[in-house]
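What follows is one structure encoded as structure tokens, with my remarks underneath.
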Amino acid sequence: MVGNQNPFSIGFIITLARKPAIFKSGNFERMHSLFQFRSRTNTRLRRTLMLMIFMVIAASSKAMDSLDVRVGNFYPNYYKNAEQQWEGIDVEMAVALAERAGFSPNIVEIPWSRALIMARRGQVDLLANVNISDERSEYLHWIGPQRYTQMSLIVTRENAELPINSLDDLVAQCKSLGLKFGIQPNVIYGDEFAERLRSDNEFRACAEESTGPQNDDKVLFGRLLGYFDEPLDVQAERRRNPDYGLVVHPFTVIKEPVFFGVSKASVNADELKRLLVAYQSLVADGSLDAIARKWTF
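Position one of the sequence shown corresponds to residue 67 (my numbering), numbered consecutively onward.
This is the structure in structure tokens:
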């Protein structure tokens, strides 16, 4: 991260005008003392002015530090309202963290998979709603928990009561209905789920990888049995549109905290400390809880 440079620079030139003088007898000592007094006064004034300048520049620079905050376009986590301002549970939490730490948040819309690559390279500073993994810990500091989330099966209303209570049940229903279930790239669904994808050919054959919006359409048009996502997303969509055709099935594969991810490549130790202190402050005064309640339906 690079703080913004001050948009202006200030220089002071203080000129002490001296005119030739003819000192008469008896006046020399008095005039010399006066000159020394004026010289010391101007020196102190010069130092005071320079100190004030440095303080103003430092304060301005600190206030103008920016933090690149990643967002997607995925209601209700991140979206633009009618005034084209970003809203949503995760962007509001990330902005609150950045501002409490004294940064100016620069919101950047980036696809999730790309954002992880950019965070590794130091091209984006702050991610929200991130699951911890060993690989991500190589390039991200963790602050949190930001909030708690879960991954539940999202299906059509007609399939809301399918008898699915385990991953084996899920495979059985996929075979019975001749449909796959959807998963999203670079999303964590828990250790058991990951192991089954890695080692169980039958389970892996039932999974189809697509992005969230694509999964919505595929389920609605009967091309997928369902897909795994946060219940918050579907609940929020149903609140916005009561006729929305997807519902949350009771089957959940993971429930765990998510964190803010801070790029190790772009955020230095002092900046990280500011963010950590800001997080503790947001927890202590209930600010994060207030944002979560706003978006919990």
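All C-beta atoms in this analysis are idealised placements derived from N, C-alpha and C, irrespective of residue type, glycine included.
Exercise. Are ILE357 and GLU158 close, meaning C-beta to C-beta below 8 Å?
Worked result: yes
Problem set entry | ASN72 burial status per 10 Å Cβ neighbour count (16 or more: buried) | Unreliable positioning characterises ASN72 in this predicted model, as indicated by a pLDDT of 39, which lies under 50. The coordinate reading is nonetheless provided below. Answer is exposed; the Cβ neighbour count stays below 16.
Exercise. By how many angstroms is the C-alpha of ALA302 removed from the C-alpha of GLY244?
Worked result: Roughly 30 Å separates the two Cα atoms.
Problem set entry | Secondary structure of GLU274, DSSP reduced to three states | strand
Exercise. Is ALA167 near SER353, with beta carbons less than 8 Å apart?
Worked result: no
Exercise. Name the DSSP beta bridge partners of SER170, please?
Worked result: SER132
For this session: Please report the residue range of the beta strand (DSSP E) in which ALA238 lies.
Result: Segment 233-243 is the alpha helix (DSSP H) holding ALA238; no beta strand (DSSP E) there.
For this session: Provide the residue(s) that pair with MET217 in DSSP beta bridges, ordered along the chain.
Result: ILE320
Exercise. For ILE209, which residues of its own chain have a beta-carbon under 7 Å away from its beta-carbon, when the five flanking residues on both sides are left out?
Worked result: PHE325, PHE326, VAL328, LEU341, LEU342 and TYR345
Exercise. CA-CA distance, TYR141 and GLU153?
Worked result: 9 Å
Problem set entry | Bounding residues of the beta strand (DSSP E) (the contiguous stretch that carries LEU192) | 192-196
Exercise. When DSSP labels each residue in this structure, what does ILE176 get in the three-state scheme?
Worked result: coil
Problem set entry | Chain-order list of residues whose beta-carbon lies under 7 Å from that of ALA181 (same chain, five-residue window excluded) | Hits under 7 Å: ARG136, VAL190 and LEU193.
Exercise. For the ligand GTP, any of its heavy atoms closer than 7 Å to the Cβ of LEU354?
Worked result: Here there are no bound small molecules, and the ligand GTP is not part of this structure.
Exercise. Is DSSP giving ILE123 helix, strand or coil here?
Worked result: At ILE123 the pLDDT is 39, less than 50, meaning the model places this residue with poor confidence and gives no usable figure here.
Exercise. When the Cα of ALA331 is compared with those of VAL349, ASN195, ARG187 and GLN150, which residue comes out closest?
Worked result: ARG187
For this session: Give me the Cβ distance between THR362 and MET217, rounded to the nearest whole Å; I'm assuming they're in contact under 8 Å.
Result: Actually they do not touch by this definition, with Cβ atoms about 17 Å apart.
Exercise. Do you know whose CA, among GLN151, SER132 and ILE155, lies nearest ALA359's CA?
Worked result: For the record, residue 359 in the displayed sequence is Arg; it is not Ala. Comparing Cα-Cα distances from ARG359 to each of GLN151, SER132 and ILE155, the minimum goes to ILE155.
For this session: Look up VAL328 in the DSSP assignment and give the residues it is bridged to.
Result: LEU192 and HIS207
Exercise. Where does LEU286 fall in DSSP's three states?
Worked result: In this structure, LEU286 counts as helix in the three-state DSSP scheme.
For this session: Take MET184 and list the residues in its own chain whose beta-carbon comes closer than 7 Å to its own, dropping the five residues that flank it on each side.
Result: ILE176 and VAL190
Exercise. Alpha carbon to alpha carbon, what distance is there between PHE269 and VAL349?
Worked result: Each residue's Cα considered, the two are about 40 Å apart.
Problem set entry | Residue nearest to GLU296 in terms of C-alpha spacing, selected from PRO323, GLU274 and LEU290 | The shortest C-alpha separation from GLU296 is found at PRO323.
Exercise. Helix, strand or coil: how does DSSP classify TYR145 here?
Worked result: strand
Exercise. Would you say VAL237 and HIS315 are within 8 Å of each other, going by their C-beta atoms?
Worked result: no
Problem set entry | GLU337 in three-state terms, based on DSSP | Of the three classes helix, strand and coil, the one that applies to GLU337 here is helix, per DSSP.
Exercise. Which residues in the same chain as GLY248 place their Cβ atom closer than 6 Å to its Cβ, once the five residues preceding and following it in sequence are excluded?
Worked result: Closer than 6 Å at Cβ, skipping near neighbours: GLU274, SER276, ASN281, LEU290 and TYR293.
Exercise. Should PHE89 go down as buried or exposed, given a rule of 16 or more other Cβ atoms within 10 Å for buried?
Worked result: Unreliable placement is indicated for PHE89, whose pLDDT of 41 sits below 50; the coordinate value is still reported in the next sentence. So PHE89 ends up on the exposed side.
For this session: Starting from PHE247, follow the beta strand (DSSP E) in both directions and report where the run begins and ends.
Result: 246-249
Exercise. Taking the C-alpha atoms as reference points, what is the distance between HIS207 and ASP257?
Worked result: 22 Å
Exercise. Taking C-alpha atoms, which residue in ASP134, ILE173, TYR214 and ILE230 lies nearest to ASP355?
Worked result: TYR214
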